[in-house]
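Residue numbers (the numbering used here), protein chains in the order written: chain A, 1 to 324; chain R, 1001 to 1263; chain Y, 2001 to 2557. Think of the CB as a built atom: it goes at the ideal place given N, C-alpha and C, for glycine as much as any other residue.
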Amino acid sequence: MIKPDILSKFPRNHLLRGGGEIAEHVREGRFQRSLALIAGLSSILSGLEASYEHYRGSYSRRVMYTPLIASAALLGAGVWAFKSRKAARTVLPVVSVLSLADGVIGFYFHVRGIQRKPGGWRLPIVNMIMGPPVFAPLLFGISAYLGIVAYYLRREDDPEEQTMPRPAHAHSWAKYLPGKIEHENISWRQDLREGRFQKHMAAATVVWSFFSGFEAWYSHYKNNFRYKMQWTPVVIAPMLMAAGVGAIKSRKVAHTWLPAVSALAIADGSLGFYYHARGVLRRPGGAKLALYNIIYGPPVFAPLLFAACGFVGLLASLLRRESR
Amino acid sequence: MSNLKLASDLKAANSKLPIDPATGKPLPPKAHPGYYPGFSTLGQKGFWDDATRKLIIQRVEEVPPIRFFRPDEVDLLKAVCDRILPQDDRDNAHKIPIVNGIDQRLYDNRMDGYRYEKMPPDGEAHRLGLQAIEAIARQMYGKPFVELGSLEQDTVLKTLHDGKPPAGQDVWARMPVNRYWMLLVQDVLEVYYAHPWAWDEIGFGGPAYPRAYIRLENGEPEPWEVDEQPYAWKAPENSLSGKNELISGTSEHGATPGQGGTH
Amino acid sequence: MQHVDVRMRRYRTDEEVDYCIVGVGAAGGVLIQRLARAGFKVVGLEAGPFWDTERDWVSDEAGSHKLYWTEPRVIGGRDPLALGANNSGRGVGGGSVHWAAFTPRFHPSDFRVHSEDGVGVDWPMSYDELKPYYELLELEMPVAGPAYFPWGHPHGYAYGPHPMGGVGDILIKGCTKLGIRVSAGGPVAILSGSHGDRPHCIYRGFCIQGCKVGAKQSTLISHVPDAIKNGAEIRDNCMVARVNLGKNGRVTGVTYFDPAGRECEQKSKAVIVCGYAIETPRLLLNSACPGFEKGLANSSGTLGHYLMAQAGNVILGRFDELVRMYKAPPAHALTEEFYETDSKRDFARGFAIQTVGPLPISFAKQMMVAKGAWGWGMRKVMMDYNHWAALGLLGEILPWHDNRVELSEEKDKHGIPVAKVTFNLHDNDKKLIEYGKNKVMEVMWAAGAEEVVQEPRYAHLVGASRMGSDPSKSVVDKFGRTHDISNLFVCDGSILPTQGSANPGLTIQALAARTADYLISQGDDVFTSSSRSMERPPVRKNLSPPGTWGKGVPRLT
C-alpha cells in the first residue's frame, strides 16, 4: 500500500512518483483509458498471428477471416475508448464481447479441425501438433477480456472520491433476477469500478497461462526441444498458474509470488519473441523468403502472448481485493 | 573334428562378417543391425490402417513357397542373393528371405510393365542369367558357384557388374549383361527393402497412415523413432562388394531402373 | 474414402450414348465430369479398377504396383525409356493417383518454341487461351503454392504453401547460396487446408503410392464423384481394343473387353480418347481399318511420333546431419530459374530443379546406378539412408520424329498388339542434360553436401498424337478434334506438341476443361455435322465441382 504523502515528496515528473501514481490509479480502478489502449494494441498481436496462421490453412473457410476483422475492430475500439468516455461505455464492450465470442467459435472450429484429421482424437498428440493450434483462438480472448474489464473501470481523470453504487433498477434485465443475485451483481460491478477485482484477474491469469503454456509445450515438443531455452515457458506457465491460484486464496501471495512470477513470464515472453524472430531469419532462405519463413518459422507473436499472461498477472497483483 | 578344422571353419565363418576398423576383429551377428538399435516399425503396427497392416504382417509371417524355380536353380539363386545383399551381420533368426520373394513375383507374373527389346521376359532372363553365372564359375574356378568361397563368388558376380563376363556367351547373345545385372540386383533390393526388418535397419519410418509425422525438418526423430547411433564397420576382407564402382557397359543416358519414386 | 451417395447410372449395353471416353485418368476424369454436368450421356471406360482408397491402397512401396500401368510394353532405341512404376497409371484417376502432384503451369514461351527459339514446333493455341483454365483447375484441384510465383507468367495461388521437409530446406539453402530464386511449398495439388470433406495433408510422404488421406488431388476424388452424381457411368476393368469407324467416315463407338474378358461394343455419337501418351496412339494404331491403314486418324503419318519424356536425372547428396527425406511429400519445392532459353548456353530451352523423396526401395535402386553399389557397399549406403537428400532435374527434351510409339509383334492377354516405345536423345537434349545435371549438383554442393552422385532417368511422357493447325503435320486440332474424323477426339497428354520443363499434369487437366467447354458449346453439331468451328468457347465457371468457389485467399495475379 503506497501512502500518498510519501509520493508528494518527489517532484511531479520523477519516475518513482509516476510509477506510484500509476499504481494508485490501478488500485482505485481508475485506469480505463490505459487498459482500453492496451487491449486495442495487444489485439494487433492476435490479429497478425491469426492472419498468417490462417493463410497457412489457406483460408479454406470464410469464417477464418473473422479474427482479423475482430482484432482490427478491437484495435479501433480500444483507441477510440482511450479518447472518448462514451466509446468506452458503448463500442468497447460490444466489440470486446464479440471478439471473445469469435475466440470461442474459433476454439470450436479448431477442435473440430483436429477431430477431422485422419485418426481424429485417437491420435491426440499428433493431431494437436499438426492440426490447428487448439487454444490459440482462446488466447486471443486475452485482449477481449482486457477490453471487457476496461469497460467497467473508471477513467484516469475521474475524481478520486468513490461514487455511489448504481441503483438496482437501472437495467431492465436486472429486475428478472432473484433479489439475492441482484444485490451481488451490483456489488461486483462496484468492485470492478473501484479496482477491487484482484481475485478475478488472478483467476484469469491462471486460465490464460494454462492455454499459453500448453501451446508452448506441444509446439516445442514438435521441435523436439532442440534448444534448451524452449523448456522455460513450459516450466514458468505452471508456476504462474500456481501463483494465480495462490493469489486467489491469499493476499500475501498476490503481493509477492504473483508479481514475481508474472515479471518472470513477461521477461521470458520477451526473450522468446527475440528467439522466435531470430529463428525466422535463420531458416533456409532467411529474409529472402520472408513471408514463407514467418508462416513456417516459430510463430513470432506467440511468446508475446505468453508475456501478456504475465502482464495480466502483474496487473492483478496491483489491484485491491474484492469486498467478498 | 580336429581343432585345426574347427579353427578354420570358424575362420571361414568369421571371415564373412563385417569388421570393426578400430580393432580389426569381426563384429558378431546381430538381431538388429543398423544404426537405430531398438527401433521396430512392426511395433508401430497398431497405428497403421487395416489394409496395410494385413499386407505387412503377411509379408513377414507368410514366406511364399518356391513355385517358379527348380530346386537346383533355387540353391544357386540363394547363393547369388547372399552375395548381392550379404546378410552375415544378421543372426540366423533375423535373415530376410529373398529368393522366395523373387520366385513369387515371377510365378505371379507381376511384371514392371516394360521389357527392353533386347531382353527376354523376366522369368526367362533369370533362368538364363543363372545358367551364365554357373558357366562363369566353372570357367574361372572349375567348381559350381555354390561351392566357391565368398571372395570367389564376388569375383564371379563382379564380372557382370563390370560388363565383362568371361563365359556364358550364348546367354549374353540373347540379353545384354548389364541389363541382366540390373534386373537381378533390383529384384533383390525390392524384396529386401520391402521388409520391416530392413526398415528398422535403415531407420525408415514405415507405413504412415493414419498416423504420419510431426517433425519434418532437421532430421528430427518422431517420438516413437530412435536417434541414430552410428558405429564404424567395413566389409569383410574376402568380399569385393565393399567398393562402389559404377556399373559398366550401360549408355550414359539409358539403362535406368524406371521412374518409380520420383517426379 | 469419398462416398458417393447416389447409385451410379448404368446405360444399357445396346444404348447409344453421347460421349464415350476411353480412359478415366487425369484428362478423362475432368472431361467426364464436365460433360455429365452439362447434361450429356457419358460412359467412361477404364482399363483399371475403380479404387476404394481405404481398402485397395496400402501405405507401402512394394505393395503399390497395381496403381501403375504394368501391362507389357516393349522399349527400345539408343536411350530406351524405362516405363512401369510411376510412369503411367491404371485405374480410375489414372496417373493423377500416383503423381507427385507438382502443378506448375507452362510458360507462354512454351507455346511458341519454334518462333522464339527455332526448335520444336509452335502450338496452334497460345498461353492466353489456356490461362483461364489454369486458373479454374488451380481452384478445383485445388493447388497450394506461394503467394507469388515469379516465372513464366507470374501469378499467385489461392491456397497457402506447404511446410518444408528436409529436402526442401536443402534446395532452399543451396539456391539461396547461389542466388537462385526458389518457390517454397508448391505449387502442388495437395491440400494445405481442409477442403470440403477432404482433410489436408498429413505429410506422410507416400504420394506416389496413392494418397489415402485424400489431400493430394486425383480426378478420382476431385471430379469423378461429381460426374457420377450427374449421371455419368464409369465401367472399370474394361480394356478398349478398338475405336470403330462407320460407313460415313465417322466413328460409331468402341469395342472393349469387359472384366470377364468378353468382347463388347459401346455405341456412342462421339468418342474421346484419353489413354495417355502410349495407350492412345496404341489404340488408334490398332484401330486401323480400310481408309486408315496406317492407323485411325493418321492420314498425316504423325500418330505415334514426336513422343517426349523429360530428363529426370536424380541428384543425390549425403549430408553430415540427418535429413530423413521420407517425411513430407516428395514434391514441395522447386525452381524454374533455368526454364527459358539462355543464349549464353549452348542449347535451346532449359530445365527446372525439383525436390524428390525416394522411399527405401527406390533409393536403393538409385544407389545401384549412381554409386554402383551392391553387396556390402549397398548395405552400408542404405544404413546411411537418413543422411541423403535427392533433387530432381526436369529438363525439356524436344519433340523428335524418331521418338515414337509403334505396334510390336507381341500381344497382350487380350490379343491386342502391344506398344513398342523407341527413344533416342539428340544433341540439344544431351547438352541440356549435361548442363542441368551439373547445375543441380552445384546446388547440392552449395547446400553443404559432402558427397554428390547422380542417376540418369526420365520423367513423364507426352506427345505422340500432337495438336497442330496443319493436318499434314498433326493428328488433332487445337481443341483435340482429330483432323480426319469429325467426331473423334483425343484429349490427354498425347496431344502436347512440346513439353516445357513443367510437370504436365495441370496442363493436361486444363486442356481437358477447355476441350469440354468447346464440346459443350458445339452441342449437337459434334454428333451430326462435319463442320469444325474454331471459335473460342466461353469459359464456363458453373461447371466446376461443388465446393470450388468461396474459399481461399484472393490471388495476386
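Identify the contact partners of Val280(A) in chain R, using a Cβ-Cβ distance below 8 Å as the criterion. Neighbours of Val280(A) on chain R: none; closest Cβ ~14 Å, over 8 Å.
I think Pro93(A) touches Ile38(A), with their Cβ atoms under 8 Å apart; what is that distance to the nearest whole Å?
-> With a Cβ gap of about 16 Å, Pro93(A) and Ile38(A) do not count as contacting.
For this session: Could you name the residues of chain A that Ser2533(Y) contacts, counting a contact when the two beta carbons are closer than 8 Å?
Result: Within chain A, no residue comes near Ser2533(Y); the closest Cβ sits about 39 Å away, beyond 8 Å.
task: Take the Cβ of Ile2278(Y) as the centre, count every other Cβ of all protein chains shown within 10 Å, and call the residue buried at 16 or more, exposed below.
output: buried
> Which term fits Gly2039(Y), buried or exposed, when burial requires 16 or more other beta carbons within 10 angstroms of its beta carbon?
Replying inline: With fewer than 16 other Cβ atoms within 10 Å, it is exposed.
ask   = Taking 8 Å as the CB-CB limit, is Glu1174(R) close to chain Y?
value = What sits at residue 1174(R) in the sequence shown is Arg, not Glu. No, its Cβ sits nowhere closer than 8 Å to a Cβ of chain Y.
Using a Cβ-Cβ cutoff of 7 Å, what residues of the region 2193-2225 of chain Y are near chain A? List them in chain order.
Gly2193, Ser2194, His2195, Pro2199, Ile2202 and Val2213
Compute the beta-carbon to beta-carbon distance between Leu2283(Y) and Val2240(Y), rounded to the nearest angstrom, for a pair I have assumed lies under 8 Å.
6 Å
Task: Residue ranges of each alpha helix (DSSP H) within the region 1081-1148 of chain R, 4 or longer - done: The DSSP assignment places complete alpha helix (DSSP H) segments of no fewer than 4 residues inside the region 1081-1148 of chain R at 1099-1107 and 1122-1141, in order along the chain.
*Cα-Cα, which of Tyr296(A), Ala267(A) and Ala150(A) is closest to Phe31(A)?*
Ala150(A)
* Going straight from the alpha carbon of Ile1098(R) to that of Ala2364(Y), what length do you get? -> Rounded to the nearest whole angstrom, the C-alpha separation of Ile1098(R) and Ala2364(Y) is 15 Å.
**OP:** List the residues of chain A that Tyr1116(R) touches, going by C-beta distances under 7 Å, in chain order.
**Re:** Per Cβ cutoff of 7 Å: no residues; Tyr1116(R) is ~41 Å from chain A at best.
Are the region 1047-1061 of chain R and the region 2054-2066 of chain Y in contact at 8 Å, needing three or more beta carbon pairs?
yes
Check your understanding: Ends of the beta strand (DSSP E) at Ala2309(Y)?
Key -> Taken as a continuous stretch (DSSP letters only), the beta strand (DSSP E) holding Ala2309(Y) covers Leu2307 to Ala2311.
For the beta strand (DSSP E) containing His2460(Y), name the first residue and the last one.
Tyr2458 to Gly2463
May I ask which residues mark the beginning and end of the beta strand (DSSP E) holding Arg282(A)? It is not in any beta strand (DSSP E) - Arg282(A) instead sits in the alpha helix (DSSP H) that spans Trp257 to Arg282.
Residues of chain A with a CB under 7 Å from the CB of Ile1214(R): which are they? Correct list: Val126, Ile129, Met130 and Lys222.
Counting only beta-carbon atoms, is Glu2046(Y) nearer than 8 Å to chain R? no
For chain R, check one thing: does any of its Cβ atoms lie closer than 8 Å to the Cβ of Pro118(A)? yes
What does a CB cutoff of less than 8 Å around Gly286(A) pick up in its chain, not counting 5 residues either side in sequence? Asn293
Note to self: Check whether the region 2285-2305 of chain Y and the region 2467-2484 of chain Y touch, using three or more Cβ-Cβ pairs below 8 Å as the test.
What the structure shows: The answer is yes - the region 2467-2484 of chain Y touches the region 2285-2305 of chain Y, with three or more Cβ pairs under 8 Å.
Which residues bound the alpha helix (DSSP H) around Ile69(A)?
-> Thr66 to Lys83
(request) Please confirm if the region 2229-2237 of chain Y is in contact with the region 2202-2221 of chain Y, defined as three or more CB-CB distances below 8 Å between the two stretches. (result) With a cut-off of 8 Å, the region 2202-2221 of chain Y and the region 2229-2237 of chain Y do not count as touching, because too few Cβ pairs lie within range.
Exercise. What's the gap between the Cα of Pro2108(Y) and the Cα of Tyr2127(Y)?
Worked result: 5 Å
Quick check on the burial criterion: 16 or more other C-beta atoms within 10 angstroms. Buried or exposed for Thr2528(Y)? exposed
Exercise. Within 10 angstroms of its Cβ, does Tyr1114(R) collect 16 or more other Cβ (buried), or is it exposed?
Worked result: buried
- Query: Within 10 angstroms of its Cβ, does Leu1006(R) collect 16 or more other Cβ (buried), or is it exposed?
  - Reply: exposed
### Query
Roughly how many whole angstroms lie between the Cα atoms of Thr2557(Y) and His2155(Y)?
5 Å
#### Entry: Residue-level contact to chain Y via CB, Arg1127(R), 8 Å cutoff
no
Exercise. Name, please, each residue of chain A whose Cβ falls closer than 7 Å to the Cβ of Tyr1209(R).
Key: Pro118, listed in chain order.
Between Ala2459(Y) and Val2356(Y), what straight-line distance do the alpha-carbon atoms span, to the nearest angstrom?
The alpha-carbon atoms of Ala2459(Y) and Val2356(Y) are separated by roughly 12 Å.
**Prompt:** Any residues in the region 56-84 of chain A with a beta carbon nearer than 8 Å to a beta carbon of chain Y? Which ones, in chain order?
**Reply:** Arg56, Gly57, Ser58, Tyr59, Ser60, Arg61 and Arg62
Q | Under the three-state DSSP convention, the category Asp2018(Y) falls into | A | strand
Notebook entry, point to check: Is there a Cβ from chain Y that is less than 8 Å from the Cβ of Pro133(A)?
Noted result: No, because no Cβ of chain Y sits closer than 8 Å to the Cβ of Pro133(A).
Q. At least one CB of chain A closer than 8 Å to the CB of Glu1201(R): is that the case?
A. no
| said: By the 8 Å beta-carbon criterion, what residues does the region 2323-2338 of chain Y contribute toward chain A? | reply: none
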